[in-house]
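Chemist:
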Amino acid sequence: MKTKQGQVDPNEAPQLSLFLPVLDEEENLRPMHAKIREALAELGKTAEVIYVDDGSTDSSLKVLREIAEEDGRVRVISLRRNYGQTAAMSAGIDASRGEILIPMDADLQNDPNDIARLLEKLDEGFDVVSGWRRNRQDKMISRKLPSRIANRIISWIGGVHLHDYGCSLKAYRRDVLQDVRLYGEMHRFIPIYASWSGARVTEIPVDHHARTMGRSKYGISRTIKVIFDLMTIKFMAEYHTKPIYVFGTFGFVALLFSIVSGVYAVFLKFAQHLGFPQFHADFVETPLPILCIVMFAISVQFILMGLLAEMLVRTYHESQDKPIYAVREKIGFGTSTSPEVKKRGA
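Residue numbers for the sequence shown follow my numbering, so the first one is 2 and each next one is one higher.
(1) Can you look up V161 in the DSSP assignment and give me helix, strand or coil?
(2) Would you say E49 and P15 are within 8 Å of each other, going by their C-beta atoms?
(3) Hey, A96 and R74: beta-carbon distance below 8 Å or not?
(4) Could you give the DSSP three-state label for F20: helix, strand or coil?
(5) Reducing DSSP to helix, strand and coil, say where T287 ends up.
(6) At a Cβ threshold of 8 Å, is S156 touching chain C?
(7) When burial is assigned at 16 or more other CB atoms within 10 Å of the CB, is H210 buried or exposed?
(8) Just grab the DSSP bridge partners of K36 for me.
(9) Going straight from the alpha carbon of S131 to that of I155, what length do you get?
(10) Would you tell me roughly how many angstroms separate the C-alpha atoms of R135 and I205, rounded to the nearest one?
(11) For H274 and M232, what's the separation of their Cα atoms in angstroms?
(12) By the three-class DSSP mapping on this structure, what secondary structure does S156 have?
(13) Three Cβ pairs or more, each shorter than 8 Å: is that satisfied between the segment 111 to 123 and the segment 81 to 99?
(14) L19: which of R189, S169, P288 sits nearest, CA to CA?
(15) Quick one: grab the DSSP three-state call for D54.
(16) Quick one, are the C-beta atoms of V23 and D54 less than 8 Å apart?
(17) Comparing C-alpha positions only, which one of P192, E27, V301, F236 sits nearest to S259?
(18) Leaving out five residues on either side along the sequence, give the residues of the same chain with a beta carbon under 8 Å from the beta carbon of M296.
(19) Less than 8 Å separating the beta-carbons of D112 and D208?
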């Protein structure tokens, strides 16, 4: 139930949780929130709107404070510094209470009116509905072309064929995100995580508007980061419980080079005694002994150091419940706004 106009009972989970990462979007925030209010009014569902200020250097946080005072459904999380979109989205997921979670951008390029269509698709039995910016209003060379290439690679490797992984506007059932851990730029891969867990994933075309205020924070260099993150999630999916398979393979190849180099060096050393004087060469006359030693050392490093590093990173984040962001302040949560670090499950 609602306690007052626009405010959701803090003891009752809303039906929808919208969360928007914000980075230097002071000009877009009020127009964006006005569109969100209109869209929510037509839906007639209880909702909360969570803005995550990701270390903005302009007046975005000031504007968000004012919006939170005006609209009881709004909650604001201010991160200590710029952690990136994935960490900001993770903060929004952790703070959300709704049955359906809907991330979107705060730059007015996503259209809140599409939320109704996402929900209709969820009602058909899907667990994840991803937006597809079919008529994307961005520059071809710096944004659209790299995105198309990345989307095809992601679909091929991840096994979930979507046209637009980069579209922030999506709808998730809460249980789909229950065990998702996000690192790097991995927020775009949530549909893949969900599909691997048995969730039904689909996509629908959504509107996309050209940016009219502020400037884009993304460039062509992001495609490279996405590919590296994709390699990571593929590794975690295939080898998380058996990492020795991938590291052991590289280690075995290096060990094979070491053995072949060593055997051939010994053959050259004793070639004259074996009846092949034309091949004779002492150890100091060929680089093969050094190659043998180096490749052997590399094989050991692949098998031990690589495995150890990967497991330590995962242990740091998973078993110790280490956060990937730190909260400076919370607004509208009904609790103290003193600085704190948000941990998953808290």
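From the three backbone atoms N, C-alpha and C, an ideal C-beta is built for every residue, glycine too.
Modeler: Short version:
(1) V161 falls in the coil class under three-state DSSP.
(2) yes
(3) Contact flag unset, no.
(4) Looking at F20 - three-state DSSP - the assignment turns out to be strand.
(5) coil
(6) Looking at the structure shown, chain C is missing, and only one protein chain is on hand.
(7) exposed
(8) None; K36 has no bridge partner.
(9) Between the alpha carbons of S131 and I155 lies a distance of about 14 Å.
(10) When only Cα atoms are considered, R135 and I205 end up about 9 Å apart.
(11) 51 Å
(12) helix
(13) no
(14) S169
(15) strand
(16) yes
(17) V301
(18) A255, L256, F258, S259, S262
(19) yes
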